[in-house]
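Chains as they are written, first to last, in the working numbering: chain A, 1 to 318; chain B, 1001 to 1318. This report concerns only the one structure given below.
2 protein chains.
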Amino acid sequence: MHTDLVAALDIGGTKIAGALVDGHGAILVRAQRPTPSQEDGDTVMRAVEEVLGELRAAPLWERAHAIGIGSAGPVDASTGTVSPVNVPGWRDFPLVERVRAKAGDHLPVELIGDGVAITAAEHWQGAARGHANALCMVVSTGVGGGLVLNGQLHSGPTGNAGHIGHISVDLDGDACPCGARGCVERIASGPNIARRALENGWCPGPDGDTSAAAVAAAARAGDPVAIASFARAAQALAAGIAATATLVEIDIAVVGGGVGKAGDVLFAPLRKALGDYATLSFVQRLTVAPAQMGTDAGLVGAAAAALAGMAGTAAAGV
Amino acid sequence: MHTDLVAALDIGGTKIAGALVDGHGAILVRAQRPTPSQEDGDTVMRAVEEVLGELRAAPLWERAHAIGIGSAGPVDASTGTVSPVNVPGWRDFPLVERVRAKAGDHLPVELIGDGVAITAAEHWQGAARGHANALCMVVSTGVGGGLVLNGQLHSGPTGNAGHIGHISVDLDGDACPCGARGCVERIASGPNIARRALENGWCPGPDGDTSAAAVAAAARAGDPVAIASFARAAQALAAGIAATATLVEIDIAVVGGGVGKAGDVLFAPLRKALGDYATLSFVQRLTVAPAQMGTDAGLVGAAAAALAGMAGTAAAGV
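What follows is the structure in C-alpha cells.
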C-alpha cells in the first residue's frame, strides 16, 4: 500500500507555513510566507492562498488526501473559524471554508489550535511518543499546550483543549490580560520571568538584553534574583501540570518553547516544585521532559491531526 | 433482546451498598452493610462478601453479566487495588481479586473511584445527561469529581481522574492534608466553609450547630460573615471549574453533595465567580447545575461503568 500524503498549514502571527507530509511525518514539499498580521483579513488570507497555491503546483499534491490546519488561537473547530489574538483582521474568520474554496471541496479539513498541533507532533515523533496520556506545553511569549488522553489527541469540541496557560493557580493573583487572575502564563511566560527579575532588582548585562534568555543566563551564573524568578515560574508551571495530572491522569509533561530551552535553570526547580503539588498517589509517577520537536512541530502536528481525522473517518465507515 | 443486568458495589467509609441494576438504571435487588471502617482489612472485606452473598442469593443474579465497583479513593484500577483514606485497614487492598473470588471468575469487574461513579450516574440519568463533555463534583466533607469527555466517562488509567478537590488554585495558600497548598477542597469543603466562618467571627445559633449547613442557613438570613465564607468557597470552586473547562473543554459543571444543597447561597456567587475565571471564548458557554441523583448515585454509576465496560469489550471483539 502506498503511503498517503496530507497537506499541513501552520498559521502563526509571524509566518504562514505549508507542507505536504507523508505518513511517517517526513516533509516532502514546503511553502512559506510572512504573516501580514496587521493587514485586513483578506490580505492575510491571500498569504495563506499563496502557500496553498505553491503546494497545489507540486506534482505530489494529487496524492494529498486531507488538510490539517494548526492555527494561533482561539480557534473554533465546531464552526471552522479562527480569531488569532495577534492577527486582528481575523475575528471569527471562516478559515476552513476559505481553505476548502482554494484547495478543493473534496478534501477533509481538520482545524486545531497551535498548542494542540505541537502536542500532536510531540506525541507522534517527539518526547511524548509512546505515552497514552500526556500534556505538552509551549512556554515562550505565551504559555500554550495540548493533551493526549487514552492514546488520542484530545482537542475538545472547539479545538482549544489544553490551554494550560490560562488556568488560574493564584486565584487572588495579578490580573491577566485574559480577564482572570493568577494564570500560569501571567507568572511563567518569558516576558513575565523577565519583568519579575527586573522588578526585583536584576540588572541586565552591558548588551542591555532583558529577555528571559538573558535572565536564564544570569541564573546559570548564580544571580539570586534571576534564579528566584525562574523558580517562581517553575512553581506556577508545577501547580498547573499537577492540576492537569490530578484532573485527567497524565504520565508525562513535555515542556518546549523558548523558556523550555533554559534547561536546568527551569527543569530543576520545576521537578522539585512538582513534588510539592503532585501529591496524590496516582500522580506521583508523573515525569517532566523537554520537547524534542523543532520549528516544524506545528506542520508535523497539523499533518498528524489530518491523518488521525482520516483514520477516524475510515473507522466510522464514512 | 432481554435487558442485561449488572451487579454494582458502592464502597464508602460509612456503608457498603450492593445492587443488581438493569440496563435502564433501575435497582432490582439491594443489599447493604455498615462499613467496619476501623477494623482490619479482612473484616472490612467480610462485609463486602456479605453484601455479595445476598446479591448472589437472589434469583436474578444469574442474569448479572458484569460487576461495577465504585470505591472511596484513592483506587488503582490498573492493579485492582484500593486504599480508601477513611478505611485504614485497606492499603493497596486487592479488592478486585477478592470480589472475583467471591462472585465468580467469569464476570468482568470494573473498578472506579467514587467521584467517577457519581459522574457516571449524573451522565446516565441526571443533570449531565446529553452532555458530551461534563465535570461532576461532590462538595461535602471533601471535594471529589469526575469527567465525561467525548461522550465517554474519562476515568483515567488508575480510575482517579476528575480529582478536582486536590488541584491548587492558590499556590501560596494554606497547607492541605494532601501535602499541597491551596487545594480547592482546602477552601471549599463543608468543614472549611464552617471553619472560615467561625474564624471570622460567625456565631452559631442556640443549637450550637457549626456545620456548613448552619453557615448556609445564616447566609440565607443575611449574615455577612457566613455569606463571605460561601463566596470564598464559590470563588475556589469557580477557579477549579474554569481550569477544568480551559484544560479539557466541558460545557456543564454539575455540583452535588451536602454543600451543593446550599442552593443559591452557593450557586449565585459560583456563577458570578465563573465569569471572573472562565474568560476564554471557548469556555464562556459553560453552565453550572445542581446534581440530580440521590443517595443511589454511587450504585447507579458503578452499574453504568460495568455496562460501559461490557459494551467496550464487545466493541473490541473480545
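Positions of the beta carbon are idealized from the N, C-alpha and C atoms, including for glycine.
- For glycine 145/A, the beta-bridge partners assigned by DSSP are Met137/A.
- The way I'd put it, the segment 1281-1292 of chain B does touch the segment 1244-1260 of chain B; three or more beta-carbon pairs between them come closer than 8 Å.
- For glutamate 1110/B, the enclosing beta strand (DSSP E) stretches over residues 1109-1113.
- Taking C-beta separations shorter than 6 Å and ignoring five residues to either side along the sequence, the partners of tyrosine 277/A in its chain run Ala238, Ala239 and Ala242, following chain order.
- Within chain B, no residue has its beta carbon less than 7 Å from that of isoleucine 27/A; the closest one is some 30 Å off.
- Leucine 1280/B carries a coil assignment under DSSP once its states are collapsed to helix, strand and coil.
- Under the DSSP assignment, lysine 102/A falls in the alpha helix (DSSP H) whose first and last residues are 95-103.
- Nearest in C-alpha terms to glutamine 152/A, of all of Leu5/A, Arg100/A and His123/A, is His123/A.
- Scanning the segment 226-285 of chain A for uninterrupted alpha helix (DSSP H) segments of 4 residues or longer gives 257-260 and 264-277, listed from N- to C-terminal end.
- The alpha-carbon separation between serine 189/A and cysteine 136/A amounts to approximately 15 Å.
- Residue pairing by DSSP puts glutamine 1032/B in a beta bridge opposite Ala1017/B.
- Counting along the chain, the unbroken alpha helix (DSSP H) around leucine 52/A starts and ends at 41-57.
- Bounds of any alpha helix (DSSP H) do not take in alanine 8/A; it lies within the beta strand (DSSP E) bounded by 5-11.
- Taking a cut-off of 8 Å for Cβ pairs, the segment 208-217 of chain A and the segment 105-125 of chain A do not touch, as fewer than three such pairs fall below it.
- The C-beta distance from valine 169/A to valine 184/A rounds to 6 Å, short enough to meet the 8 Å contact threshold.
- Not flagged as an interface residue toward chain A: proline 1084/B, since no C-beta distance is shorter than 7 Å.
- At a cut-off of 7 Å between beta carbons, proline 1269/B makes no contact with chain A.
- The way I'd put it, the segment 1251-1262 of chain B does touch the segment 1127-1146 of chain B; three or more beta-carbon pairs between them come closer than 8 Å.
- Collapsing the DSSP output to three states places proline 1290/B in a strand.
- Taking the Cβ atoms as the reference, leucine 1020/B lies roughly 6 Å from alanine 1007/B, within the contact range of under 8 Å.
- Contact note: asparagine 1133/B reaches chain A through Gly156 and Pro157, using a C-beta cutoff of 8 Å and chain order.
- In the DSSP assignment, isoleucine 1164/B falls outside any beta strand (DSSP E), carrying neither H nor E.
- Setting aside the 5 residues that flank it on each side, proline 1269/B is surrounded in the same chain by Ala1231 and Ala1234, each with a C-beta closer than 6 Å to its C-beta; the list follows chain order.
- In the same chain as alanine 219/A, and ignoring 5 residues on each side of it, the C-beta atoms closer than 6 Å to its own belong to Ala226, Ile227, Phe230 and Val265, in chain order.
- Taking C-beta atoms as the reference points, glycine 1041/B and phenylalanine 1093/B count as a pair closer than 7 Å.
- At the C-beta level, leucine 1052/B and tryptophan 1061/B stay beyond 7 Å of one another.
- Excluding five sequence positions before and after glycine 18/A, the CB atoms of its chain that fall closer than 6 Å to its own CB belong to Leu9, Ala31, Val51 and Leu55, given in chain order.
- Apart from sequence neighbours up to five positions away, the residues of its chain that approach arginine 196/A with a beta-carbon distance below 6 Å are Ser229, ordered along the chain.
- Nearest C-alpha to lysine 1261/B among Asp1223/B, Val1215/B and Leu1280/B: Val1215/B.
- Nearest Cα to glycine 1309/B within the set Ala1161/B, Ala1217/B, His1154/B and Gly1162/B: His1154/B.
- Contact between methionine 1293/B and glutamine 1038/B does not hold, since the beta-carbon distance rounds to 29 Å and is not under 8 Å.
- Asparagine 160/A sits close to phenylalanine 1282/B, with the two beta carbons spaced by under 7 Å.
- Neighbours of threonine 1246/B across chain A, judged by C-beta separation under 8 Å: His163, Ile164, His166 and Ile167.
- The beta carbon of serine 1189/B sits no closer than 7 Å to any beta carbon of chain A.
- According to DSSP, valine 1082/B shares a beta bridge with Val1075/B and Phe1093/B.
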